[in-house]
Every structure is written in structure tokens, then in C-alpha cells.
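Protein chains in written order, with this note's numbering: chain R, 1 to 114; chain Z, 115 to 225.
What follows is a short report on a single structure.
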Amino acid sequence: KAGVTQTPRYLIKTRGQQVTLSCSPISGHRSVSWYQQTPGQGLQFLFEYFSETQRNKGNFPGRFSGRQFSNSRSEMNVSTLELGDSALYLCASSWGPPGETEAFFGQGTRLTVV
Amino acid sequence: GESVGLHLPTLSVQEGDNSIINCAYSNSASDYFIWYKQESGKGPQFIIDIRSNMDKRQGQRVTVLLNKTVKHLSLQIAATQPGDSAVYFCAEKGSSYKLIFGSGTRLLVRP
């Protein structure tokens, strides 16, 4: 059974650019969550999607957005990149609501903004 | 606000000894807790979970203890091995479909 797949694994972008990250959940999982991981802030919740609906959003500016497709794959987008957006972006999938069913993480996308 | 924290940022143990990693949580209404292990360059890996109707749950070489009275969670690893070296996070089921993570404890296993 394939795990959670995130692409790309590494990205280098320039300030002001925008970026799109992709997450393919485990087959059959309908919930996809995104987290930002930095040394200073740890793992911070970005948003959660279930059946193409965003059910919750963390305390991030509007430059951070996401969506989920009918096959449960999800993308997140960051516009007008800032240096502080450099982080490991993690995606987690679960069969049901995270926190009620086990959530599995991908290996993450390492974003560096220069 | 909601928060989950850890008492020790780094724990160094001798191979073969038992390890205990602690975590405090603030939301007394939380009913689900998870421990994750994160190795360098990888995403967090599920280790074990526990619901609030339990005090203890055992897995393979790991035990999670939950003390709701003092809002404390611990992960015990028996016979710690070099492969256990990683950062360990506790997480709490927060409101509205999200997990709240602690800041993490780095476990170093000395050969």
C-alpha cells in the first residue's frame, strides 16, 4: 500500500514568486491536512480538507491557500513568497477526521526562499 | 489557547536503557493523543495513540501513559536502540479537525 506522496521533495524559490505543492494521500483516505514545520515554530497547522471542502484553517495569512480534488489529491499554494516561508511543508492523510483516526504523513516538501 | 508542550528538549540515553519522554497538554477536554517519531529528512511517523478513556496503552517496546488529572502524557521506550534516535512529538486532537503538536524532544542513543 503506497504511503502519502508529496512532490516535489525540494524547491528553491525567489522572494515574490509563488509556489504550488502537491500531496497524494493514501488510497481510500479522504482527509488531507497540511502543516508547516520550522525550527522556531515547530509543526503548525495550515488547513484540512475532506471531500473537496476546507473544514479548518490555521492562523496563516491569505497568501497560503489550498484545494482538494475529487480524487482526494490536494495542493497548497503560497503566493508572494517571503523569506520566512522557508520551511518543511508536510501533508498528512487519514481515513476520517484527523484526531479521530490515525494520520499518516508524507516526507514533506522542503521549500527554500532566497 | 490550545497548546501541547514538552518538558525536555533533548534526552540522551545509553543503548539498552529505557527512555521516557514527557509531554504536558493544556486542554482538559482533549480526548485523543498521539506520539510521532521523526527521523532526519523524513515526515513524522505514527508510533502509538491513546484515547482519554484509557490510562495506558502498550505497543511493541513502547508504552504511552496518560494522566488526565495533571494533563500529562509520557512515552516509554524499552531497551532503547540506536534506531530510536529521532525527534519525538506528542500531538493532541485540537478543535475542528486538526492536531496540535508539541515542540518535540530529541532522543540521542549512545552506543
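Just so you know, even glycine gets a beta-carbon here, dropped at the ideal spot from N, CA and C.
Computed from a prediction, not measured in an experiment: that's the story for all the values here.
Simplified DSSP state of residue i, which is helix, strand or coil
{"i": "R/L11", "result": "strand"}
{"i": "R/G42", "result": "strand"}
{"i": "Z/D163", "result": "strand"}
{"i": "R/R30", "result": "coil"}
{"i": "Z/A143", "result": "coil"}
{"i": "Z/Q128", "result": "strand"}
Residue i burial status per 10 Å Cβ neighbour count (16 or more: buried)
{"i": "R/A87", "result": "buried"}
{"i": "R/R114", "result": "It should be pointed out that residue 114 of chain R corresponds to Val in this sequence rather than to Arg. Looking at its Cβ environment, which holds fewer than 16 other Cβ atoms inside 10 Å, R/V114 is exposed."}
{"i": "Z/M300", "result": "Outside the displayed span of chain Z (115 to 225) sits residue 300 of chain Z, for which this structure offers no information."}
{"i": "Z/P69", "result": "Residue coverage of chain Z in this structure runs from 115 to 225, which leaves residue 69 of chain Z outside it and unanswerable."}
{"i": "R/Q41", "result": "exposed"}
{"i": "Z/L122", "result": "Its pLDDT being 46, under 50, Z/L122 is placed unreliably in this model, and the value from its coordinates should be taken loosely. Exposed, since its Cβ has fewer than 16 Cβ neighbours within 10 Å."}
{"i": "Z/I135", "result": "buried"}
{"i": "Z/D131", "result": "exposed"}
{"i": "R/G66", "result": "buried"}
{"i": "Z/S154", "result": "exposed"}
{"i": "Z/Q128", "result": "exposed"}
{"i": "Z/W149", "result": "buried"}
{"i": "R/S31", "result": "buried"}
{"i": "Z/K212", "result": "buried"}
{"i": "Z/T194", "result": "buried"}
{"i": "Z/K156", "result": "exposed"}
{"i": "Z/S126", "result": "exposed"}
{"i": "Z/V118", "result": "The predicted position of Z/V118 is uncertain, since its pLDDT is 49 and thus under 50; no value can be drawn from it."}
{"i": "R/A2", "result": "exposed"}
{"i": "R/Q36", "result": "buried"}
Check whether residue i and residue j have beta carbons under 8 Å apart
{"i": "Z/G218", "j": "Z/V201", "result": "yes"}
{"i": "R/Y89", "j": "R/Q68", "result": "no"}
{"i": "R/G58", "j": "R/L46", "result": "yes"}
{"i": "R/N77", "j": "R/Q6", "result": "no"}
{"i": "Z/A184", "j": "Z/I162", "result": "According to the sequence shown, residue 184 of chain Z is Val rather than Ala. No, these two residues do not count as a Cβ contact at 8 Å."}
{"i": "Z/S199", "j": "Z/V223", "result": "yes"}
{"i": "R/P98", "j": "R/S22", "result": "no"}
{"i": "R/I26", "j": "R/F105", "result": "no"}
{"i": "R/T109", "j": "R/R15", "result": "no"}
{"i": "Z/K207", "j": "Z/S144", "result": "yes"}
{"i": "R/V4", "j": "R/S93", "result": "yes"}
{"i": "R/L83", "j": "R/L11", "result": "no"}
{"i": "Z/Y146", "j": "Z/R171", "result": "no"}
Neighbour flag for residue i against chain A, beta carbons, 8 Å
{"i": "Z/S166", "result": "Judged by its chain identifiers, the structure shown contains no chain A, and its protein chains are R and Z."}
Using a Cβ-Cβ cut-off of less than 8 Å, give me the residues of the segment 95–111 of chain R that come near chain Z, in sequence order. P97, P98, G99, E100, E102, A103, F104, F105, G106, Q107, G108
I'd like the ranges of any beta strand (DSSP E) spanning at least 3 consecutive residues and lying wholly in the segment 33–98 of chain R. 42–50, 53–57, 64–68, 74–78, 87–94
Any C-beta of chain Z within less than 9 Å: which residues of the segment 9–25 of chain R qualify? Residues passing the 9 Å Cβ filter: none.
Taking Cβ-Cβ distances below 8 Å as the criterion, which residues of the segment 138–161 of chain Z are in contact with chain R? Y146, I148, Y150, G155, K156, G157, P158, Q159, F160
With 9 Å as the C-beta to C-beta threshold (strictly closer), list the residues of the segment 187–208 of chain Z near chain R in chain order. F203, A205, E206, K207, G208
Mind checking the segment 45–76 of chain R against chain Z and listing, in chain order, the residues whose C-beta falls within less than 8 Å of any C-beta there? F45, E48, F50, R55, N56, G58
Every unbroken beta strand (DSSP E) inside the segment 175–220 of chain Z [3 residues or more]: Segments of the beta strand (DSSP E) lying fully in the segment 175–220 of chain Z: 176–181, 186–191, 200–207, 213–215.
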